[in-house]
Structure formats: structure tokens, C-alpha cells
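**Student:** For the sequence shown, our numbering gives the first residue as 39, with consecutive numbering after it. Take this structure, written in C-alpha cells, and hold onto it; I'll ask about it next.
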Amino acid sequence: MTKPDTPPPGNDGPILEIARVLALLDASRHSLAALSAAVDLASNRQAELVAVYVEDLDLLSCAAFPFTCEIGAQSGITRPLTVDTLEASIARQLQRVNQALALAVAGRDLQHRLEVSRGPVAGEALAKAGPDDVLVLGKAGMTERWGTRLGSTSRRLILEAPCTVLLWDERHPFKRGPLRLLNQGGAEAVPNWLSALFDGLSPLPIRHARDLENHLSHADAGGLLLHRTELEQLLDEDPELLANVPLPIVVVA
39 MTKPDTPPPG NDGPILEIAR VLALLDASRH SLAALSAAVD LASNRQAELV AVYVEDLDLL
99 SCAAFPFTCE IGAQSGITRP LTVDTLEASI ARQLQRVNQA LALAVAGRDL QHRLEVSRGP
159 VAGEALAKAG PDDVLVLGKA GMTERWGTRL GSTSRRLILE APCTVLLWDE RHPFKRGPLR
219 LLNQGGAEAV PNWLSALFDG LSPLPIRHAR DLENHLSHAD AGGLLLHRTE LEQLLDEDPE
279 LLANVPLPIV VVA
């Protein structure tokens with residue numbers, strides 16, 4: 039991708055480039071909200087948008103067992119889960135992802151593509167990400183799928199991605215505001231492109247998960263930046279941290 043030397047009309051300064059914006063999709067409303075945020079970010083920064091859809095090989099492998107069944111999330115009714123029914127479900131989901139991507143980019147001059155692969159979800163997503171990318175995930179989606187605690191797939195993506203991760207919280211309307219950090223000394227690690235989303239930096243003299251949750255419980259603007267080492271420590275203290283902070287969360291190395 040050729041990087042522009044001049045900003046688009048109406049932009050007073052140079053474009054601060056990121057290589058690509060990756061959006062991991064599963065056709066849920068949460069991942070589609072994250073897709074909308076990814077489209078806005080890629081468009082604002084003139085970066086390529088890559089929508090990633092992974093056909094879950096682990097789930098397909100489980101469906102091969104004769105005793106495998108699925109349980110309705112609302113009804114609690116069990117029914118057999120076969121490879122054929124799962125393949126049909128994956129095909130329908132991929133169709134919804136294609137439609138959602140086309141709708142999200144409609145009317146925008148944005149370089150974009152959909153990458154489809156089959157394998158373990160975390161492994162496939164991590165293999166596609168590079169150090170200069172931004173990986174966008176729907177925060178509510180990953181917490182709802184496994185309850186309020188992080189599943190192993192989401193935890194691995196957040197903590198092992200070779201790039202910055204943006205966890206988008208679609209449950210709360212986004213408002214511009216400060217980007218909060220846990221210590222002022224980490225300001226040098228804040229990516230420049232975040233200036234397009236947030237208004238300045240706000241250090242927080244907080245070290246523990248409970249204190250952080252209490253401090254941000256009623257926050258309605260801006261976001262939170264965490265280094266991976268900080269996030270790992272906080273998740274060890276409280277696995278429900280990400281669900282309890284009602285803001286977008288940026289995770290950096």
C-alpha cells in the first residue's frame with residue numbers, strides 16, 4: 039500500500055499512518071459494531087481495511103463426534119450438531135459477513151478486502167496481524183459469548199497480538215474524551231493515530247483492578263489505554279475487568 043504524502047481535504051496536518059486495520063468478524067451484532075469502528079478508523083487514516091473471517095476448525099472437529107449437540111442459548115433445547123449442519127451455518131454466516139462489509143464501506147473511497155480462512159480462530163488471526171496493524175475486536179461480543187469472563191481465544195488475541203488491539207464497546211455510545219493511562223511514564227508508547235479518536239491523555243494513579251473499575255464505572259467519554267503487562271496483571275486480579283469498564287480499551291505492547 040502506498041502511503042499518502044499529503045493529507046485529505048479538510049485535514050490540517052500530515053496523516054499519521056497505520057499499515058492496516060484488521061476487523062475480526064463472526065456476523066454477531068457486536069463484531070459488526072466493531073466493523074463500523076474499524077471502517078471509520080481506516081477511512082480517517084487512509085489505511086487498508088482487512089475484514090477477517092475464520093471458519094473455526096476446532097468447532098468443525100467437535101462436530102465430527104456422533105454425540106455432539108448444540109444447546110439453544112434462549113430455549114435450552116438440545117439438538118444434534120453434525121458437520122453438514124455446521125458447514126451450512128458457516129456458509130450463512132459468511133454470507134452475512136460479506137453483506138455487512140459491503141454495507142459498511144458503501145460510499146467510501148476505502149481500500150478493503152475480506153480474508154477467509156479455516157483453522158483455530160486465534161492462530162489464524164494472529165498469523166494475519168503485523169506489528170504496524172490495528173486489530174479491532176467487539177468487546178461485548180467476546181464477553182457475551184463466554185459469559186462475563188474472557189474465553190481463551192479472546193485472551194490470547196489480546197495478549198499475544200503483535201500489534202495494537204482496539205476493543206470496541208458497542209453497548210455504550212462512544213463520545214470523544216481523554217485517553218486514560220495507568221501511569222504518566224507510558225505516554226511515549228501511545229500511538230499517534232489515537233489522536234483521531236481521543237482528546238489528550240489523562241494519567242490515573244491506579245494499580246489494581248477493583249480501583250480501576252470503581253473509578254471508571256460511570257465514565258461516559260474517552261477510552262482506556264493499557265500495556266499488555268498491565269492488562270495481564272489486572273485480568274489475573276479480576277477476569278471480568280474488560281466487561282466492567284464501559285469504555286473502548288486500547289491495548290499496546
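Beta carbons: idealized from backbone N, C-alpha and C, even for Gly. None of the values given here were measured: they were computed from a predicted structure.
With distance defined between alpha-carbon atoms, name the residue in Asp274, Ile128, Arg266 and Phe236 nearest to Val154.
**Tutor:** The residue given as residue 154 occupies position 116 in the sequence shown. Minimum Cα distance to Val154 is reached at Ile128.
**Student:** Rounded to the nearest angstrom, how far is the Cβ of Leu262 from that of Val283, given a contact under 8 Å?
**Tutor:** Here residue 262 corresponds to residue number 224 of the sequence shown, with the count starting at 1. Here residue 283 corresponds to residue number 245 of the sequence shown, with the count starting at 1. Sure, about 6 Å apart at Cβ, within 8 Å.
**Student:** Can you tell me where the alpha helix (DSSP H) with Thr120 in it begins and where it stops?
**Tutor:** The count along the sequence shown starts at 1 and reaches residue 120 at position 82. Where Thr120 is concerned, there is no enclosing alpha helix (DSSP H), given that its DSSP letter is neither H nor E.
**Student:** Report all residues from its chain with a CB closer than 7 Å to the CB of Thr191; omit the five preceding and five following residues, and keep chain order.
**Tutor:** Mapped onto the sequence shown, residue 191 falls at position 153. Excluding positions up to five away in sequence, the list reads Val159 and Ala160.
**Student:** Whether or not the segment 131-139 and the segment 161-172 are in contact is what I'm after, with contact meaning three or more pairs of Cβ atoms, one per stretch, closer than 8 Å; do they touch?
**Tutor:** The segment 161-172 vs the segment 131-139: no contact.
**Student:** Between Lys213 and the rest of its own chain, which residues show a CB-CB distance below 7 Å, the 5 nearest in sequence each way excluded?
**Tutor:** Reading the sequence shown from its first residue, position 175 is the one you call residue 213. Taken in chain order, the residues that qualify are Asp258 and Ala259.
**Student:** Please look up how many angstroms separate the CB atoms of Val203 and Val289, rounded, as I've assumed it's under 8 Å.
**Tutor:** For the purposes of this step, residue 203 is taken as residue 165 along the sequence shown, with counting starting at 1. For the purposes of this step, residue 289 is taken as residue 251 along the sequence shown, with counting starting at 1. Rounded, the Cβ-Cβ distance is 4 Å, consistent with contact.
**Student:** Compute the Euclidean distance between the alpha carbons of Leu279 and Ala247, then round it to the nearest angstrom.
**Tutor:** Position 241 of the sequence shown, counted from the first residue, corresponds to residue 279. Position 209 of the sequence shown, counted from the first residue, corresponds to residue 247. Using only the alpha carbons, I get a separation of about 7 Å.
**Student:** Can you round the beta-carbon distance between Ala163 and Val90 to whole angstroms, since I take them to be within the 8 Å contact cut?
**Tutor:** Indexing the sequence shown from 1 puts residue 163 at position 125. Indexing the sequence shown from 1 puts residue 90 at position 52. Ala163 to Val90, Cβ: 6 Å. Contact.
**Student:** Taking the beta carbon of Gln84 as the centre, do at least 16 other beta carbons fall within 10 Å, making it buried, or is it exposed?
**Tutor:** Reading the sequence shown from its first residue, position 46 is the one you call residue 84. Flag for Gln84 reads buried.
**Student:** Who are the Cβ neighbours of Leu272 in its own chain at under 6 Å, not counting the five residues just before and after it?
**Tutor:** Translated into positions along the sequence shown, residue 272 becomes position 234. If we look at Leu272 and ignore the five residues flanking it on each side, its Cβ neighbours are Ala247 and Leu279.
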